[in-house]
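To convert, count from 1 in the sequence shown and add 40; that's the numbering used here.
In this text, a Cβ means the ideal position worked out from N, Cα and C, and glycines have one as well.
Below: the structure, in structure tokens.
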Amino acid sequence: MQLSLLATVFAATASGSVLKARQANSFSVSNFSASCIPHSVMCSYAFAVITNPESTAPSGHPDPVQCGLMLQGPDYLPPVNLTGCSEGAPYSWAVAVNQDRSLQLSVTTPHDSHSNYTGVYDLPADELVVEQHGAVMTQRYTGPAAFEVPLGQPTRH
């Protein structure tokens, strides 16, 4: 009887201890900034990103990866074609400019050898201010510096 009870307890414990890997559900973006430089023709985007939860980060990156780019504006934040983050990092990003001058940040990372995860985050027009600096105007992002970018379903590439 004790052996049967012990075997039942052991089997229940063993079957309950099988852990499933946590699936990524978003990208965590931090230190996000976007602005055009007054009296210059340049604009910049900069941020850090990691998959959330961190245990699902591609290539085992335990720390956020730095992403950024300086490019010609001159007045309004320009679109960014898909570009990589820091060298060797498994993340890419892009920015689209919508008709209402709002922005859309896309972040992409490999899911497996045949598909990617992509998340999209809207940066509303009311969080993008245009300031007059003498004869020039410049645009900058004033919204939150940290936010979650929800992942869509993996897409084949």
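The distance from the Cβ of C76 to that of Q106 is about 20 Å, inconsistent with a contact at the 8 Å cut-off. Looking only at T148, S80, S70, the smallest Cα-Cα distance to M177 is reached by S80. When the beta-carbon positions are compared, G113 and F87 stay at least 8 Å from each other. Judged by their CB atoms, L163 and S142 are nearer to each other than the 8 Å cut-off. In the DSSP assignment, P164 falls outside any beta strand (DSSP E) and carries neither an H nor an E. Counting only the Cα atoms, Q172 lies some 48 Å from S153. In the structure shown, A129 falls within a coil segment according to DSSP collapsed to helix, strand and coil.
Annotation for W133: C107, V147 place their beta carbon closer than 6 Å to its own, counting only its chain and skipping 5 residues before and after.
Within the same chain, A86, F87, A88, A185, A186 come within 8 Å of N71 by CB-CB distance, once the 5 residues on both sides are set aside. Here V81 is not bridged, per DSSP, to any residue. In the DSSP secondary-structure assignment, Y157 is bridged to T149. Inclusion of L191 and Q179 in the CB contact set at 8 Å is not warranted, their separation being larger than that value. Around the C-beta of V170, fewer than 16 other C-beta atoms lie within 10 Å, and the residue is accordingly described as exposed. For the 8 Å CB-CB criterion, A74 and L117 form a contact. Measuring C-alpha to C-alpha distances from G159 to each of G183, E188, D140, D166 identifies E188 as the nearest.
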